[in-house]
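Protein chains in written order, with this note's numbering: chain A, 2 to 786; chain B, 11 to 182.
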């Protein structure tokens with residue numbers, strides 16, 4: 002597409018865009034008809050179970066499968082000997098194996114996979130596989146793992162340590178700016194890892210086709226990357242492999258890697274010659290992980306006496322676990338994405354990601370931007386207290402304008418941060434509450450800034466990042482083909498809305514087919530909050546091509562010039578003479594005559610942008626979402642339990658293509674972010690995940706959710722489809738610091754270790770009790786704070 | 011390997027004879043034995059509620075119910091609700107209100123809601139939260155699920171109440 006094509010939308014009245022549309026696939030989901038990974042079944046299908054490493058770090062001396070292979074019902078076994086190629090989601094860090102080859106790197110690494118007549122037989126055989134290990138030193142503490150070690154987890158870490166990636170960036174003069182600052186608060190924050198915990202456990206089926214091809218049915222967010230990895234591991238060309246995306250029972254980044262188990266079922270299916278299905282239990286979901294990195298972030302921010310930010314100085318340690326996954330990107334994001342929505346004139350960031358012998362971390366909703374956001378928003382509030390400036394006033398003072406560039410070269414287009422802040426302030430009754438709530442109750446603010454699609458594809462390529470095909474035949478229905486991964490976020494519905502809007506037909510004329518790599522054009526998948534922006538643009542472009550064909554057909558029928566027709570209510574009508582009008586079907590019949598079915602293609606490729614320093618591409622996006630949340634908390638002074646009691650969530654999504662989805666995404670972000678700040682944590686005992694169930698890893702239930710007032714801000718991005726930007730990930734960022742800042746406002750405790758647990762709060766309250774200071778808000782004596 | 015025995019299950023008004031092992035769950039029997047895959051399994055521990063079905067009018071976790079225990083019970087699953095293309099009011103409400111995103115938890119929430127509204131036609135929002143607190147959703151933050159339950163309750167009441175006596179609402 003060309004950037005200009007979006008511009009005209011600003012003046013248009015939309016008919017479908019901006020309405021509240023039920024998801025186009027919702028009828029399948031509410032009836033139980035949707036087919037998820039575990040619902041896929043084929044004749045003659047075998048069941049698979051895997052054998053996982055019981056040690057955090059060990060050499061595999063010998064694997065003996067002979068006893069297992071002779072057990073009843075066992076049809077085939079694969080081990081590391083069956084696939085030598087390494088793979089990974091990023092081309093620069095291909096460090097995963099379908100089945101461990103020479104060593105295991107965490108408790109849960111897949112060592113072997115068995116196909117048998119039923120699951121019980123497969124499990125019994127997997128347990129009967131004999132593996133002789135030679136234990137290696139275990140590295141579970143990221144700081145110790147970053148030193149020179151005796152047995153690096155991967156051989157390519159260069160300095161004898163387990164440091165996988167280092168980032169050092171310095172723009173401007175940070176030491177000079179900090180020296181001149183009126184205040185420069187600093188703090189160090191620690192974060193436990195958290196997991197996506199989608200409700201659908203991973204479940205995949207590998208199918209050997211009669212013609213020698215291999216099909217994989219998988220609930221994945223990234224069918225294309227899975228396709229590429231399969232080609233590498235199976236050593237087959239991509240056209241001999243088919244990836245079918247089943248319904249995805251939640252992703253949030255946790256299904257955005259090509260996985261060893263996806264490779265394993267295909268290897269088994271090929272070896273045995275029968276379909277093979279593997280369904281994980283919940284513990285295996287925890288072991289597969291790819292959740293948010295645990296880590297430690299230090300932030301110092303310098304301000305002048307008026308509250309203008311002079312410099313950021315950030316340092317991040319992130320604990321990657323056993324494999325790279327998206328970690329190179331995460332390492333950059335932990336610094337770079339903390340800059341917006343503020344003007345930062347001097348910026349310094351050091352980050353490193355360290356391999357440890359734990360379940361691998363990866364991309365999780367708000368990828369790389371959540372923990373550093375908590376750090377900087379907390380330190381900003383520390384400055385507000387020192388400077389006696391209202392936290393919202395100070396944020397407004399530092400807000401980036403629209404249509405500018407950040408210090409590190411991000412191109413900022415539309416920007417609704419000022420409206421986000423003022424609406425969250427006004428709707429929450431901030432002025433009436435801030436400084437006036439009793440001890441134990443507090444109010445706080447936090448902002449967010451997130452990419453609306455990564456501008457650079459993971460694999461360098463001139464192929465567009467999204468392509469959508471439309472096919473229309475004599476029945477009049479419009480089939481949209483896309484490989485955009487519908488994961489519940491509503492990307493199929495965005496396609497349908499874009500097409501319905503442009504062609505002026507009812508939503509039920511459109512059917513979206515976004516499952517099958519054999520029929521769908523390339524799309525990079527559901528990650529980096531790219532779907533709405535990129536797929537939406539591609540769908541819109543394809544519909545415009547169709548509209549032009551229909552307009553020319555209308556011209557042939559009526560003699561009226563094609564450029565004067567508008568499309569609405571399934572009719573094609575001349576703007577200048579409403580009497581010149583024909584139905585959509587009449588125009589279509591003419592368009593099909595002598596040509597056959599209409600096939601149209603639309604695509605999106607991000608424009609060239611950014612600087613050319615090392616790492617300049619990380620965090621580049623064709624647009625950025627902005628957000629500002631206000632949260633209220635209520636602390637139980639007896640137990641230390643913190644409840645979030647209200648959230649005013651203002652998010653600039655450019656334009657709400659589907660208002661129902663935008664609200665749903667924001668409410669879901671609040672839920673997931675509240676979980677991280679108030680309770681969720683992956684716990685480890687040595688290298689072993691010690692709480693791999695929903696009994697011990699608590700996600701918020703209905704009664705723990707506060708009221709959420711969603712405030713949709715529409716800045717109308719001129720390159721976004723109909724003006725839209727993302728709303729699926731950015732709204733997770735502000736809830737954590739808004740709660741953290743509200744907690745400080747409530748009891749004077751700066752939470753520097755997430756999650757905030759009742760025992761931390763209780764210890765703080767006990768200290769206040771003992772000190773004689775009592776339960777008074779001494780920190781609120783300053784004006785406005 | 012323990013031997014299988016035949017269990018007779020009455021599901022959605024039909025009778026199924028399913029071969030199960032003593033420790034097989036109702037969820038397994040429904041999905042693998044009856045072919046009713048609308049019932050989902052998310053945790054196998056009774057923590058997520060995805061597997062909720064209705065047994066003798068009350069919601070039960072089919073992952074914690076043994077198939078053998080379910081013999082003789084009147085079982086209803088998500089597949090029982092729609093009449094052709096006409097959705098049950100609870101299903102319609104979950105779609106219309108955005109109460110379903112990825113959809114995996116939806117059958118469980120829908121069955122919990124159907125049972126709730128059969129016993130309590132006018133639950134408050136707080137009561138709705140109580141009733142669905144055995145179900146987890148990772149997508150919606152529950153806001154639109156609660157909206158959906160309220161909408162469904164309103165539609166079911168409207169359908170049941172005689173037009174001239176709107177206050178006379180039959181229970182259950």
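For each residue, glycine too, the CB sits at the ideal point set by N, CA and C. The model shown is predicted, which means the values in this text are computed figures rather than measured ones.
Query	Result
Contact set between the segment 674-708 of chain A and chain B, restricted to residues whose Cβ is under 7 Å from the partner	694, 695, 696, 700, 702, 703, 704 and 706
Contacts that residue 740 of chain A makes with chain B (C-beta to C-beta distance below 8 Å)	Under the 8 Å cutoff, chain B gives no residues; its nearest Cβ is about 14 Å from residue 740 of chain A.
Alpha helix (DSSP H) segment containing residue 632 of chain A, residue limits	Looking at the DSSP string, residue 632 of chain A is not in any alpha helix (DSSP H); the run it does join, the beta strand (DSSP E), is 625-636.
Residue 482 of chain A - containing alpha helix (DSSP H), residue span	First-last for residue 482 of chain A: 479-482, but that is the beta strand (DSSP E), not the alpha helix (DSSP H).
Where the alpha helix (DSSP H) containing residue 28 of chain A begins and where it ends	27-32
Interface flag, residue 488 of chain A vs chain B, CB-CB below 8 Å	yes
Span separating the alpha-carbon of residue 54 of chain B from that of residue 188 of chain A	42 Å
Any C-beta of chain B under 8 Å from that of residue 258 of chain A	no
Inter-residue Cα distance where the pair is residue 182 of chain B and residue 141 of chain B	Residue confidence is low: residue 182 of chain B scores 37 on pLDDT, short of 50, so the model does not pin down where it sits. Its coordinate-derived value is still stated next. Using only the alpha carbons, I get a separation of about 15 Å.
Partners in chain A for residue 117 of chain B, counting only beta-carbon separations shorter than 9 Å	30, 31, 32 and 33
Length at least 4, wholly inside the segment 477-550 of chain A: the alpha helix (DSSP H) runs in chain order	492-504
Chain-ordered chain A contacts of residue 78 of chain B [CB-CB under 7 Å]	Neighbours of residue 78 of chain B on chain A: none; closest Cβ ~17 Å, over 7 Å.
Candidates A:675, A:765, A:677 and A:678, of which the one nearest residue 641 of chain A by Cα	A:765
Neighbour list for residue 249 of chain A in chain B, Cβ cutoff strictly below 7 Å	112
Limits of the unbroken beta strand (DSSP E) element including residue 104 of chain B	Per DSSP, residue 104 of chain B belongs to no beta strand (DSSP E); it is in the alpha helix (DSSP H), 99-106.
Identified DSSP bridge partners for residue 112 of chain A	Bridge partners of residue 112 of chain A: none, in fact.
Chain A residues whose Cβ lies nearer than 9 Å to that of residue 93 of chain B	What residue 93 of chain B touches in chain A: nothing, since even the nearest Cβ is about 11 Å away.
Residue 114 of chain B beta carbon less than 8 Å from that of residue 52 of chain B	yes
Member of B:137, B:131 and B:124 whose CA lies at the smallest distance from the CA of residue 65 of chain B	B:124
Segments assigned alpha helix (DSSP H), at least 4 residues, entirely inside the segment 41-128 of chain B	99-106
Sub-8 Å separation of residue 76 of chain A and residue 374 of chain A beta-carbons	no
Residue 1 of chain A versus A:602, A:603, A:623 and A:598, residue with shortest Cα-Cα distance	Because chain A here runs from 2 to 786, residue 1 of chain A falls outside it and cannot be looked at.
Distance between residue 28 of chain A and residue 667 of chain A (C-alpha atoms, nearest Å)	22 Å
Alpha-carbon spacing of residue 576 of chain A relative to residue 241 of chain A, whole angstroms	50 Å
As assigned by DSSP and simplified to three states, the class of residue 556 of chain A	helix
Reduced DSSP secondary structure (H/G/I, E/B, other) of residue 77 of chain A	strand
Residue 63 of chain A to residue 55 of chain A span [Cα, whole Å]	15 Å
Short CB-CB distance (under 8 Å) between residue 671 of chain A and chain B	yes
Nonlocal neighbours in the same chain, by C-beta distance under 6 Å from residue 604 of chain A, ignoring five residues either side	465, 468 and 539
Chain A contact for residue 105 of chain B (CB, 8 Å cutoff)	yes
Residue 355 of chain A vs residue 95 of chain A beta-carbon contact at 8 Å	no
Closer than 8 Å to chain B by CB, residue 47 of chain A	no
Within-8 Å CB hit, residue 64 of chain B to chain A	no
Test: residue 515 of chain A CB closer than 8 Å to a CB of chain B	no
Residue burial classification, residue 416 of chain A (beta-carbon count within 10 angstroms, cutoff 16)	buried
Local Cβ density within 10 Å of residue 68 of chain A, reported as buried at 16 or more and exposed below that	exposed
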